[in-house]
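If you're matching positions, the sequence shown starts at 292 in my numbering and goes up one per residue. The beta carbon of each residue, even a glycine, is placed where N, CA and C say it ideally should be.
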Amino acid sequence: MTPARLFLTGARDTLPLILAAIPFGIVYGALATSNGLSQWATLAISLFVYAGSAQFIAVTLLASAAALPVILLTVFVVNLRHMLYAAMVVAFIGIVVPALQSRAQWACAFSAGVCSLLTWDWPHQSGLLLTALVAITVGGVLERRDNKASNLPAYTAETPTAAQEEGSK
Numbered sequence: 292m293t294p295a296r297l298f299l300t301g302a303r304d305t306l307p308l309i310l311a312a313i314p315f316g317i318v319y320g321a322l323a324t325s326n327g328l329s330q331w332a333t334l335a336i337s338l339f340v341y342a343g344s345a346q347f348i349a350v351t352l353l354a355s356a357a358a359l360p361v362i363l364l365t366v367f368v369v370n371l372r373h374m375l376y377a378a379m380v381v382a383f384i385g386i387v388v389p390a391l392q393s394r395a396q397w398a399c400a401f402s403a404g405v406c407s408l409l410t411w412d413w414p415h416q417s418g419l420l421l422t423a424l425v426a427i428t429v430g431g432v433l434e435r436r437d438n439k440a441s442n443l444p445a446y447t448a449e450t451p452t453a454a455q456e457e458g459s460k
């Protein structure tokens, strides 16, 4: 896929998110400029403060000439709500993460995905080679670790025994 085609595919896939963010951007820009912030300051806040509600609070506090520590602390406290979100989903993470940690094939797939994202633009498909090597290494190391823990040779760790095959029939 050509770089232009990749860009167009990404733009198409993110279009719903962009359309939803446009009204917030318009309101934020209007608030920032009406409070006397320059275009550069408005863009800088958008760059460094990712959460929308924190952007609005930061602009309001800047307009009221609040001290920088007050602004930073307020933005931090507003974003503490993410701790509540994390507390809500921790039960589900507790179910999913141990299952992923005990499966070498999942670790292999995730490491391959991360590595391929980081090396996709390397020349001569060397990123693909590195991705394969990292994934194979991670999968092999974890499989060996799991087999040592269960005192099984590598070829019998995932292979069902004859008794297990009879029990499944």
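Can you tell me whether Val-308 is buried or exposed, with buried defined as 16 or more other CB within 10 angstroms of its CB?
For the sequence presented, residue 308 should be read as Leu rather than Val. When all chains shown are included, Leu-308 counts as exposed.
Just to confirm before moving on: does the CB-CB distance between Val-350 and Leu-328 stay below 8 Å?
yes
Taking Ile-317 as the reference, give the member of Gln-346, Asp-304, Leu-364, Thr-305 with the closest Cα.
Gln-346
Quick check on the DSSP output: the alpha helix (DSSP H) that includes Gly-320 runs from which residue to which?
294 to 325
Leu-328 (DSSP reduced to helix, strand or coil)
coil
Does the region 423 to 431 come into contact with the region 402 to 411, if we say contact requires no fewer than three beta-carbon pairs (one atom in each stretch) closer than 8 Å?
yes
Identify which residue in Asn-326, Pro-314, Gly-343 has its Cα closest to the Cα of Ala-356.
Asn-326
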